[in-house]
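Participant: Let me give you the structure first, and then I'll get to my questions.
In this note's numbering, the protein residues as written are 168 to 544.
Rendered as structure tokens:
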């Protein structure tokens with residue numbers, strides 16, 4: 168069961184945008200990414216989409232319901248021997264109530280299923296005992312709109328209507344564009360609180376795109392000194408000098424410095440800089456240090472000396488990080504640095520330049536993917 172009750176909130180999902188995507192040029196049109204059975208969906212036919220209170224995305228298929236955390240899917244299926252499971256795998260609709268609880272309608276008539284975050288299972292409710300507004304949301308779940316746009320499906324693809332101007336844009340499959348929709352048969356659509364559009368298709372799985380897209384220049388892999396070291400991007404941050412740090416999937420990273428003469432590219436990917444090339448997180452702290460987390464350890468860049476320092480991992484030695492696999496890095500409002508690893512959570516002791524690994528009893532002994540601080544700090 169996820170736990171979300173500490174001042175420093177430990178989340179178990181990442182922004183999908185930073186999950187190893189390839190940077191490409193973008194025009195003033197929606198650019199779609201795709202999730203299919205190759206990513207863990209039980210089926211490419213998506214009939215309903217919703218987002219819960221913790222930011223997890225839910226997708227309804229006719230092979231069960233799926234919860235997506237930005238990395239992988241957890242699938243919930245019918246089980247005749249389990250009273251907390253569905254009686255039917257055909258998921259017709261997924262909606263949320265006023266508290267962002269998940270409600271699911273299957274092919275079973277006159278009932279809905281409510282998800283329990285405490286037990287990670289479902290409880291069956293007769294529709295007679297369900298609030299009327301939830302039933303109305305079920306009925307309206309096949310269409311979506313926000314203040315600016317309304318999205319509907321047609322035989323040719325996805326139709327975007329500008330509610331102010333009346334202008335329509337049709338999004339169709341384009342096999343020469345990896346960021347077009349990948350199926351014109353659309354079952355459902357959904358706009359989340361980050362203004363991201365999600366659409367469920369008949370054969371193409373899940374397509375998603377940001378509605379905040381505007382034209383901008385793009386960076387891509389190129390020859391040394393002219394572009395990114397790799398287009399497979401895992402992490403991005405900007406340091407106190409305005410330089411952009413970009414970490415790649417398995418080739419180290421790129422630093423983009425903006426000068427009067429233009430952009431200047433440099434790279435961190437060898438023993439003179441970092442110990443690992445498989446970057447998973449980047450963070451610039453309040454003192455200007457840049458922290459680099461990879462699958463091969465933790466490094467810190469000192470802007471004053473222009474040098475890198477590597478922090479060794481050894482769970483048996485005091486002061487060392489317990490695992491070399493670093494996922495999340497965050498500084499709290501008190502200036503304390505926290506590091507999420509494959510083996511749990513570590514706290515940085517700045518005075519002694521060492522780390523304290525928190526007890527598994529506190530963190531649950533699980534991998535810490537992302538660290539965030541809430542507003543009650």
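Ideal placement from N, C-alpha and C gives every residue a C-beta, glycine not left out.
1. According to DSSP, is residue 481 helix, strand or coil?
2. Under 8 Å Cβ to Cβ from residue 494, same chain only, skipping five residues before and after it: list those, please.
3. When the Cα atoms are used, what is the spatial distance from residue 238 to residue 359?
4. Where does residue 208 fall in DSSP's three states?
5. Cβ atoms of residue 488 and residue 465: under 8 Å apart, would you say?
6. Quick one: Cα of residue 223 to Cα of residue 302, how far?
7. Out of curiosity, what's the CA-to-CA distance linking residue 419 and residue 241?
8. Starting from residue 511, follow the beta strand (DSSP E) in both directions and report where the run begins and ends.
9. Expressed to the nearest angstrom, what Euclidean distance is found between the alpha-carbon atoms of residue 278 and residue 225?
10. At what residues does the beta strand (DSSP E) containing residue 356 begin and finish?
11. Check residue 266 in the structure and name its three-state DSSP category.
12. Confirm, please, whether the CB-CB distance from residue 273 to residue 284 is below 8 Å.
13. Which stretch, first to last residue, makes up the beta strand (DSSP E) that contains residue 489?
14. Residue 361: buried (16+ other C-beta within 10 angstroms of its C-beta) or exposed?
15. Run through DSSP, which three-state label would residue 296 get?
16. Using C-beta distances below 8 Å, list every residue in its chain close to residue 229, excluding the 5 sequence neighbours before and after it, in chain order.
17. So, helix, strand or coil for residue 301, using DSSP?
18. Locate the beta strand (DSSP E) running through residue 245, then write down its first and last residues.
19. How about residue 444 and residue 436: do their beta carbons lie closer than 8 Å?
20. Using a Cβ-Cβ cut-off of 6 Å (strictly less than) and excluding sequence neighbours within five positions of residue 473, which residues of its own chain qualify?
21. Compute the distance between the beta-carbons of residue 342 and residue 327, then report whether it is under 8 Å.
22. Kindly identify the DSSP beta-bridge partner or partners of residue 449.
23. Can you give the Cα-Cα distance for residue 549 and residue 372, rounded to whole angstroms?
24. Once DSSP output is grouped into helix, strand and coil, what is the label at residue 284?
25. If you reduce the DSSP assignment to three classes, tell me which class residue 311 lands in.
26. I need the straight-line Cα distance from residue 366 to residue 319, nearest angstrom please.
Facilitator: With the given structure in hand:
1. The count along the chain shown starts at 1 and reaches residue 481 at position 314. Note: residue 481 maps to coil in three-state DSSP.
2. Position 327 of the chain shown, counted from the first residue, corresponds to residue 494. Excluding residues within five positions, the ones whose Cβ falls inside 8 Å are 447, 448, 460, 507, 508, 509, 534, 535, 536 and 537.
3. Residue numbering aside, residue 238 sits at position 71 when the chain shown is read from its first letter. Residue numbering aside, residue 359 sits at position 192 when the chain shown is read from its first letter. In this model, residue 238 and residue 359 are separated by some 18 Å (Cα to Cα).
4. Within the chain shown, residue 208 is the residue found at index 41, counting from 1. Residue state, collapsed to three classes: coil.
5. Counted from its first residue, the chain shown places residue 465 at position 298. Counted from its first residue, the chain shown places residue 488 at position 321. Using a Cβ distance threshold of 8 Å, residue 465 and residue 488 count as a contacting pair.
6. Taking the first residue of the chain shown as position 1, residue 223 is located at position 56. Taking the first residue of the chain shown as position 1, residue 302 is located at position 135. Roughly 22 Å separates the two Cα atoms.
7. In the chain shown, counting from the first residue as 1, residue 419 sits at position 252. In the chain shown, counting from the first residue as 1, residue 241 sits at position 74. Taking the CA atoms as reference points, residue 419 sits about 31 Å from residue 241.
8. For the purposes of this step, residue 511 is taken as residue 344 along the chain shown, with counting starting at 1. Per DSSP, residue 511 belongs to the beta strand (DSSP E) from 511 to 516.
9. To locate residue 278, count along the chain shown from 1; it is residue 111. To locate residue 225, count along the chain shown from 1; it is residue 58. Distance between the alpha carbons of residue 278 and residue 225: 19 Å.
10. Your numbering for residue 356 matches position 189 in the chain shown. That run of the beta strand (DSSP E) goes 353 to 358.
11. Residue 266 sits at position 99 when you count from the first residue of the chain shown. Three-state DSSP puts residue 266 in coil, outside helix and strand.
12. Position 117 of the chain shown, counting from 1, holds the residue named residue 284. Position 106 of the chain shown, counting from 1, holds the residue named residue 273. Between residue 284 and residue 273, the gap from beta carbon to beta carbon reaches 8 Å or more.
13. Numbered from 1 along the chain shown, position 322 holds the residue referred to as residue 489. Taken as a continuous stretch (DSSP letters only), residue 489 belongs to no beta strand (DSSP E), as it is neither H nor E.
14. In the chain shown, counting from the first residue as 1, residue 361 sits at position 194. By the C-beta density criterion, residue 361 is exposed, having fewer than 16 other C-beta atoms within 10 angstroms.
15. Taking the chain shown and counting its residues from 1, the one referred to as residue 296 is at position 129. If DSSP states are grouped into helix, strand and coil, residue 296 belongs with the helices.
16. For this step, residue 229 is matched to residue 62 along the chain shown. Only 210, 212, 214, 256, 257 and 258 meet the Cβ criterion.
17. In the chain shown, the residue the question calls residue 301 occupies position 134. Note: residue 301 maps to helix in three-state DSSP.
18. The count along the chain shown starts at 1 and reaches residue 245 at position 78. Note, residue 245: premise wrong, no beta strand (DSSP E); not H, not E.
19. Here residue 444 corresponds to residue number 277 of the chain shown, with the count starting at 1. Here residue 436 corresponds to residue number 269 of the chain shown, with the count starting at 1. Contact flag set, yes.
20. Within the chain shown, numbered from 1, the residue matching residue 473 stands at position 306. Shown here for residue 473: not one same chain residue has a beta carbon closer than 6 Å to its own, the five before and five after excluded.
21. The residue you call residue 342 lines up with position 175 of the chain shown. The residue you call residue 327 lines up with position 160 of the chain shown. No.
22. As a working mapping, residue 449 is identified with position 282 in the chain shown. 459, per the DSSP bridge assignment.
23. Since the first residue shown for the chain is 168 and the last is 544, residue 549 is missing from the structure and cannot be characterised.
24. Locating residue 284 in the chain shown gives position 117, counting from the first residue. Note: residue 284 maps to coil in three-state DSSP.
25. As a first step, residue 311 must be located in the chain shown, where it is residue number 144. It is a strand residue.
26. Reading the chain shown from its first residue, position 199 is the one you call residue 366. Reading the chain shown from its first residue, position 152 is the one you call residue 319. Between residue 366 and residue 319, the alpha-carbon positions lie close to 10 Å from each other.
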